[in-house]
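These notes are about the structure you will find just below.
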Amino acid sequence: MKMDVELVHSPVVGLAEEEEVDMTDWNLPLAFMKKRHTEKIEGSKALAQSWRMKDRMKTVSVALVLCLNVGVDPPDVVKTSPCAKLECWIDPLSTSPQKALETIGANLQKQYENWQPRARYKQSLDPTVDEVKKLCTSLRRNAKEERVLFHYNGHGVPRPTVNGEIWVFNKNYTQYIPLSIYDLQTWMGSPSIFVYDCSNAGIIVKSFKQFALQREQELEVAAINPNHPLVQMPLPPSMKNCIQLAACEASELLPMNPDLPADLFTSCLTTPIKIALRWFCMQKGAKLVPGVTLDLIEKIPGRLNDRRTPLGELNWIFTAITDTIAWNVLPRDLFQKLFRQDLLVASLFRNFLLAERIMRSYNCTPFSSPRLPPTYMHAMWQAWDLAVDICLSQLPTIIEEGTAFRVSMTDTASV
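First residue of the sequence shown? That's 1 in the UniProt record's numbering, and the numbers climb one at a time after it.
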């Protein structure tokens with residue numbers, strides 16, 4: 001039945017009913033049309049940024065400079081008796097000095113290769129100034145814009161000087177020859193990372209910063225003075241993108257405990273699981289299995305890259321814990337730079353957190369540039385201690401009875 005059309009006004013648009021008949025569906029009133037609903041919503045710029053690194057970098061070359069002079073102690077060091085002696089887990093006095101030096105150099109290269117197998121490694125064993133210059137300039141030339149690492153072991157030479165010098169040798173090994181950090185900066189260029197394993201290493205970092213500032217001032221003067229001598233010369237490299245890892249503060253000596261390696265800092269940076277287990281067993285705190293000895297941990301089975309083995313499980317947990325500590329305490333930009341930009345740098349800084357924890361227990365304070373806040377008391381280290389304790393508690397039965405290793409309950413599906 002056809003209904004009479006009444007003049008009824010629409011409650012929405014105020015039209016008479018006969019006028020509404022002519023309206024098409026798409027022209028009907030819509031909900032949520034206020035400006036607050038239609039304007040484009042944008043998050044803050046900070047949230048919009050990707051967590052992925054856009055400017056990744058790679059350490060492509062590594063200079064391993066060892067100044068050991070095996071069998072001859074430097075004149076400014078008074079060693080305890082007994083004293084720490086292991087270098088790269090080798091007793092340098094167990095063989096001839098030259099063979100010991102070569103073996104230590106080869107071991108150090110292997111230890112670094114575990115973290116960056118594709119880098120180009122060059123050893124310089126008990127070198128002269130000219131040999132260091134030739135090595136560094138060659139590596140920088142081949143690296144181009146990528147990062148170069150300079151590792152310095154100064155256990156067989158005098159301590160760094162307040163004038164900004166480290167020590168090497170003359171050709172006949174009859175004199176110690178100073179090598180200026182300013183010259184080293186020139187040869188290494190930027191970006192670079194420097195590792196100093198020697199007493200009073202903080203002096204080197206301080207001198208490095210002073211020389212870097214001097215370079216920046218020279219560049220500024222040359223920029224405003226066209227007659228400046230630097231204008232006619234190749235510009236000195238800016239050292240702003242350089243990273244430094246030092247074994248101790250400027251006034252500190254390296255630990256001499258005979259139960260520790262002489263290159264404790266290097267051991268922490270390049271063989272973290274091995275030194276962490278050793279240090280854990282040396283502690284007097286309560287353990288699940290007190291009978292685990294240093295000799296026993298030398299027999300711990302597995303491979304670092306196989307999580308189904310004890311060594312691999314510990315390495316996996318160590319990486320997760322040190323990454324968590326760094327993420328928790330560092331500003332985001334610094335975390336991205338040190339722990340995400342370069343694989344080798346990230347590994348060294350994760351291991352550096354362990355170095356700080358271990359070496360502080362021997363009144364030695366490793367530090368870096370850029371400097372990190374203290375992490376040696378972070379609560380996550382308790383999780384690491386527990387993981388080590390659980391792993392070592394299985395060790396006697398694994399070795400003596402051949403029992404299968406039980407991985408942790410966390411993320412077992414990924415094993």
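All residues carry an ideal CB built from backbone N, CA and C; glycine is no exception.
- Taking 8 Å as the cut-off, the beta carbon of Val205 is found no closer than this to the beta carbon of Leu314.
- Rounded to whole angstroms, the separation of the alpha carbons of Pro75 and Gly285 is 38 Å.
- Shown here, Leu334 sits in a helix according to DSSP, grouped into three states.
- For Asn200, the three-state secondary structure derived from DSSP is coil.
- In this structure Ile321 is buried. Its beta-carbon is surrounded by 16 or more other beta-carbon atoms within 10 angstroms.
- For Ala31 and Glu42, the gap between their C-alpha atoms comes out near 22 Å.
- Close CB contacts of Glu131 within its chain, under the 7 Å cut and outside five residues either way in sequence, are with Ser124 (chain order).
- The three-state reading of DSSP puts Lys122 in strand, counting E and B together.
- Contact holds between the segment 192-201 and the segment 152-171, because three or more Cβ pairs, one in each stretch, are under 8 Å apart.
- Shown here for Phe280: same chain residues with a beta carbon closer than 6 Å to its own, the five before and five after excluded, namely Val388 in chain order.
- Taken through DSSP and simplified to helix, strand or coil, His378 comes out as coil.
- Distance between Arg357 and Phe318, taken at the CA atoms: about 13 Å.
- Each of Ile193, Phe265, Thr324, Gln394 was checked against the Cα of Cys364, and the nearest Cα belongs to Phe265.
- One thing to note: Leu311 has its Cβ no nearer than 8 Å to the Cβ of Ile297.
- Minimum Cα-Cα distance from Ala106 among the listed residues Thr95, Trp381, Tyr121, Trp115 corresponds to Tyr121.
- Residue pairing by DSSP places His151 opposite Leu64, Val195 in a beta bridge.
- According to the DSSP secondary-structure assignment, Val168 is paired through a beta bridge with Ile177.
- Per DSSP, the unbroken beta strand (DSSP E) holding Phe367 starts and ends at 367-369.
- In this structure, Gln244 sits away from Phe211, with a CB-CB distance that is not shorter than 8 Å.
- Pairing Cys391 with Val60, the inter-Cα distance amounts to about 35 Å.
- The alpha-carbon separation between Arg308 and Lys58 amounts to approximately 29 Å.
- Classified as exposed, Lys35 has fewer than 16 neighbouring CB atoms from the shown chains inside 10 Å of its CB.
- By the neighbour-count criterion, in which 16 or more other beta carbons inside 10 Å mark a residue as buried, Pro255 falls on the buried side.
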